[in-house]
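Here's the structure, in structure tokens; my notes come after.
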Amino acid sequence: MAKGCGDFVHEGEKYFNLLNQMFVQDPEIEEVDIIFCPQCKVNQEEKTICAMINEKHILGIRSWCVQPLYMYAYNKLLRARKHKGITCYNSLSATDILQLSRAVLLLSAECYTVWNMRKELVMTSVLNIDDDLQLSSLILSKHPRSAETFSHRKWLIVQYVKQKGRSKYIQEWLRKELCICLYCADHYSDNYVAWTHRGWITEEFIDSKKKYLSELHAMEKWVQMHISDHCGFHFRQKLLTKLKEMSSVEDMVLLLLEEMVFVTNLQDSFPGHECTWSHRRFIVEHWHLWFGSVPFSYLQQLVALSKHSSQQEASHNVTCVQRCWAPCVKSLSSLCGSALKVKSLYGKGQEDSLSSMKSNAMEFFLVESELEYCKQVQKKSRNDDRFVSGYEKWLVLRYGKENTHSQNPLPKN
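Every position in the sequence shown, counted from 1, becomes a number in my numbering once 353 is added.
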């Protein structure tokens, strides 16, 4: 039998009160999700008891109570906003707006109007910025690619900095923010929204080369675990481009050599992934863009000088960065030496020494050597045929056949 409008509203109000009760009992809820329940035809009392479950700060909402709960909260908020008068939502208290907007956004994070209502409460100091940041973190646990949630979060961060200063935000929230971005990236593949937000955070609040290097180093492990995620590689490219603005030619030469060794090891260990070939193209193109006018003999000298440093570092154990952001890295030379050891970590049976790897790294950027590398890859496995073919065509079109024997080819104008 179809329910009347009054019954539907009454049912939604009951679930709304239950949701508020859950947050009163456990203010530290850190994750929320919908529990799919195919058996919808249960009696009303059983629905009330089992509508929501909270275990270890994780809230589960039964699927059959989502519609009445959402419609009740949304309609009540919109009616109040429609009849908004001089006394600002005179039909609802601030607590009502906070609770109703929370219910709506937990179920539908892309509701712009409701986010704007919460902005108004922040601007009038009714809602604390830290509390709203906490709620948006909870919403991202259910909607990890919600562009509107990240947009609202960015707005909150700007307001936070205006009120309390950059240093306060860096101390209280920066590490949490970076972890939230990684959480969302882990839970939704190719999550460009989360990576864009992380890129904005790094540009806005990370202002030293050491911290950018630490961010680049921390992303190595993530990229290895998400080899098909284009966004992770794009973020690395963004970091490398930013480091170019802060580093000397010598530092960037070593950093790109290390990055080429890193991506080559990934291709050897995980064949058949387009992301690695796209990243290789970026490295080669920017090598010629940044160092095309630098004499090849000078570049060779830089690599030779770095050998001694790398051999000294080879005897030390490399500590991988476990957290999503670390305070510093010893030095660029140390970073290059440690990253070049990645090859041995993949368990390959080759016995190339660290110094020989660095010597051979320079050969990667010769177009002729790159074409030869493509042939070797095709001999080993046919999984990369399509990507190798595209990469070879790009090399020839970008630099031309006449440059394939040049030691330090320049890009076409």
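Just so it is clear, CB atoms sit at the ideal spot from N, CA and C, and this is done for glycine as well.
With contacts defined by Cβ atoms closer than 9 Å, K562 and M613 do not form a contacting pair. Counted as a single uninterrupted DSSP element, the beta strand (DSSP E) harbouring R415 occupies residues I411 to R415.
Restricted to the region 435 to 514, the alpha helix (DSSP H) segments that are unbroken, complete and at least 4 residues in length are 447 to 460, 465 to 476 and 482 to 495, listed in chain order.
By the neighbour-count definition (other C-beta atoms within 10 Å, threshold 16), T617 is a buried residue. Bounds of the beta strand (DSSP E) holding V385 are E384 to I388. Two segments are said to touch when three or more pairs of C-beta atoms, one from each, lie closer than 8 Å; by this definition the region 516 to 532 does not touch the region 465 to 481.
In terms of Cβ geometry, Y744 and W630 form a close pair [threshold 9 Å].
Judged by DSSP in its simplified three-state form, E408 adopts strand. Taking a cut-off of 8 Å for Cβ pairs, the region 554 to 574 and the region 617 to 627 do not touch, as fewer than three such pairs fall below it. A straight line joining the alpha-carbon of Q512 with that of I406 spans about 34 Å. A check of alpha carbon separations from H583 across L642, V546, E463 and N428 identifies V546 as the nearest. Contact annotation: S581 and H632 have beta-carbon atoms that are not nearer than 9 Å. Restricting attention to S734, N736, Q729 and V749, the CA atom closest to the CA of V720 is found in V749. Three or more Cβ pairs closer than 8 Å define a contact, and the region 489 to 501 meets that threshold against the region 455 to 463. Counting every other CB atom within 10 Å of its CB across the protein chains shown gives D386 a total below 16, marking it as exposed. Within the region 536 to 568, the runs of alpha helix (DSSP H) that reach at least 4 residues and sit entirely inside it are, in chain order, 545 to 558. The alpha carbon of F635 has as its nearest neighbour, out of S444, W747, E364 and E384, the alpha carbon of W747.
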